[in-house]
Each structure stands twice: as structure tokens, then as C-alpha cells.
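Each remark here refers to the structure printed beneath this line.
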Amino acid sequence: MSTTSDEESLAPFLTVVRIAVAPMSTLLLTVFVYGIYVMVFGRCLQILLARRKEDRPNQILYLGWTTGLFLQATTMVAFEILTEVRQSILVFNALSTRNYDTFIQYLMHDTLKTVQDTIGDVLSVTINATAETMLEPSRFNVFHKSLTALIPGVGLASVFMGTYGEDPGDPHRDKIYSLGSEINDFGWTIPAAILNSILTLLTAGKIWWFTRQGRLLGTAVDRRYKTIVAVMVESGLMLPVVSIAYLAVAHAFNTELNNAMPVNLGPVRDLIAALAPTLIIVRTASNLSIENANQFISTLRFNNEIGQQGSRNISIVIPDIQYSVPGHDESAEESAVAHKVEISSV
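Number 413 in this note's numbering belongs to position 204 of the sequence shown; there are no gaps in the numbering.
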């Protein structure tokens, strides 16, 4: 049976914020974002699998990337739920029986807790690293590619330092744990957010630069490319914003026992890292599909009017959609770039 001194020493861990507010808010927010991610991933699969390999030479590559991200994120969410539920059960049993021995053992040194935390932290690093490789421009030089490999390496090092030092009873290991936490925040989280912002802006800038000639084809084409760049920037910058919010909350509520965080944004940050590149694929494809449909309707109306007059022969080619007026010379050579409109008199 536990003594009064045990209850006093455990009092900071048995506050309303720690046993109710933090677990509930963390789980609700994590499950909510994960639900959105599931829908976006399903739509992404539909888009990638609907296209022929000839039309999308990188289809298998992006399919592997997005599927790998989803599996990692799902595993991370499962471990987060398991950790929060198990801790809540231990707290409930300790309070109901007034026997705190099991809960003390859980706080001091619990092998399952250490394994869960380590796997979750490793997945956090690998999810971010995978997302960054999806945004990495192919023309990055050796320095930038080395940087994208170095930052996740620092993150993994901080994780293993935290795993080794997770023993409050050993002052030496406790110092290593604190150092690992500092490296994780300032040596990995912040540099990873900065690198993600740079990759996003470079990728959007690359699209903008290489499509400068295509934008001269007209206002509609220019608007389409602007939409793609906007999608890249908006979706790509979600992770840096959430990372800043995560660090702000973590350091606003410092590590003192009587000042616990009301919510842990770590799982949400990792889900956003996996969601962002998947969302870029879905939003880009959806915007193009909507615009293609609008152009197709306009093309049909335009061709119907010309066909009734019988004075023109028109061939219009837009992405994935081609429509020709009856009477078109099938032997004539057809060549068109996306968004190009050709009109020839008969």
C-alpha cells in the first residue's frame, strides 16, 4: 500500500490538466487531423491509380511515397493512442485503489513506455524526412542534398539520446535526456521547419520559372499556373506553421511539474508533415480537373455554334480532353501543347 509521501510526490502528475485535459485534447485533435488525412489519402490514391503509366511516368514513385507516408502516420497515431490510453488506465487504477506502486514504476522506468516513445519519435523523424524528399527539387546541389540527410540524422541522434537517458533515477542519464530534448527542439525541429520552407519555395519557384513561356498563351493558362504555385506554397508551409505552434506551446508551458501542457501538438505536427505533400497532389489535380471541365463545356458550346454555320474547322486540345468539330480532316497532322487552341478555315 502506498504511503502519504507517495501521494504528495505524485501530486503534480495527478492534476486535472495531466490526467484529463491533456490526453483528451491531444487524442481528439490527433484523430480529427488523421480523419482528414485518411480522406485526402483516399482521394490521392484514386487520382494516382486512375492515370495510365504512359501519362504519368512517375506514378509508381509518387504512389510509393504517399503510401509510405500514410503507413508511417497510421503507425504513429496507433502508438500515440496506445500510450495515452494506457497512461489513463494506470492513473485511474492508482486513484481508485490508492496503490501507486504500478504508476510510480511506469513513471520511473517502464520498458513498454520506452519502446512506445522511441518508435513514435523515430516515426516522427522518418515522416518528416520522407515528406522533404517529395518536395526536394531534382536540381539541388550536393550541399543541399547533404543538408536534407544531415537534419534527420540529428533528429535520430536526439531520439536515441532521449531513449538512453530516460531514467529519472540516474542523474547522469537525466542530463543526457535533457540534452537530447534540447537537440530535438533546436537541432532538428526548427532546422527541419526552415528546410521545409526553403524546399517549398524552391519547388514553387521552379514551377513558376519553367512555365514562364506557357503562361504567355493566355490569361486562363496564367491563372492555372498561378493556382498550382499557390497550392504548393499554401500546403507546403503548413508544416513550418504547426512546428512553430508546437514549440511555442511546449516552451510556454515549461517542463516544471506544476505547469503541464494542455495539449501535445507533436502528433499533429507529424500528421501535417505527411498530409502536406499528399494534399498538394490532390489539390493540384482537383483544380486542373475543375478547370478542364469548364474549358470543355465552353469548347462544346463554341464548336456547336461554329458547326451550325459550317464555315470553320476547329481542333481544340486541352489537358486530357480533345474535341473536334465534325468534318475535320482526319489526315491532317494534329500537334498541340496543353492549353493551345488551333483554328483553321476550310
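Where a beta carbon is used, it is the ideal one built from N, C-alpha and C, also for glycine.
Only a predicted model underlies this, so the values are computations on that prediction, with no experimental measurement involved.
Any contact of the segment 479-490 with the segment 276-290, i.e. 3+ C-beta pairs under 8 Å? Here the segment 479-490 makes contact with the segment 276-290; the two share three or more CB pairs at distances below 8 Å.
Within 10 angstroms of the Cβ of V300, are there 16 or more other Cβ atoms? Answer buried if so, exposed if not. With a 10 Å radius around the Cβ and a threshold of 16 neighbouring Cβ atoms, V300 comes out buried.
Comparing C-alpha positions only, which one of S367, D326, I360 sits nearest to I403? Ranking S367, D326, I360 by Cα distance to I403 puts I360 first.
Restricting to Cα atoms, I'd like to know which of L474, I490, N302, T487 is closest to L237. L474
Can you tell me the Cα-Cα spacing of L556 and D326, whole angstroms? Residue 556 lies beyond the range of the chain shown here (210 to 555); nothing can be said about it.
Any idea what DSSP makes of H318, helix, strand or coil? coil
Assess, as a yes-or-no matter, whether the segment 376-385 is touched by the segment 410-418 under the definition of 3 or more beta carbon pairs within less than 8 Å. No contact exists between the segment 410-418 and the segment 376-385.
Would you grab the beta carbon distance between L223 and L304 for me? Rounded to a whole angstrom, and I think it's under 8 Å. 7 Å
For the alpha helix (DSSP H) holding W397, just list the boundary residues, first then last. In the DSSP annotation of this structure, W397 is not part of any alpha helix (DSSP H), being labelled neither H nor E.
Taking the alpha carbon of V579 as the reference point, which residue from R478, A494, E375, R492 has its own alpha carbon closest? It is not possible to answer for residue 579, since the shown part of the chain is limited to 210 through 555.
Would you kindly work out how many angstroms separate the C-alpha atoms of L278 and G445, rounded to a whole number? 15 Å
Spatial distance of L321 from W417 (CA atoms): 49 Å
Taking C-alpha atoms, which residue in A401, M317, T493 lies nearest to V451? Cα-wise, what sits closest to V451 is A401.
Own chain partners of I453 with C-beta closer than 8 Å, once the 5 adjacent residues on each side are dropped: A402
Are the beta-carbon atoms of V440 and R492 separated by less than 7 Å? yes
Close-in-space but distant-in-sequence residues of the same chain around K384 (CB under 8 Å, 5 per side omitted): G374
Can you tell me whether T275 is buried or exposed, with buried defined as 16 or more other CB within 10 angstroms of its CB? buried
How many Å lie between R340 and V334 at the Cα? Going by the sequence as given, residue 340 is Ala instead of Arg. In a straight line, the C-alpha of A340 is about 10 Å away from that of V334.
Residues of its chain near E293, where Cβ-Cβ distance is below 8 Å and the 5 sequence neighbours each way are ignored: P232, T235, L236
Cβ-Cβ distance between W397 and G364 below 7 Å: yes
Hey, S406 and P449 are a contact pair by Cβ (cut 8 Å); roughly how many whole angstroms apart? 5 Å
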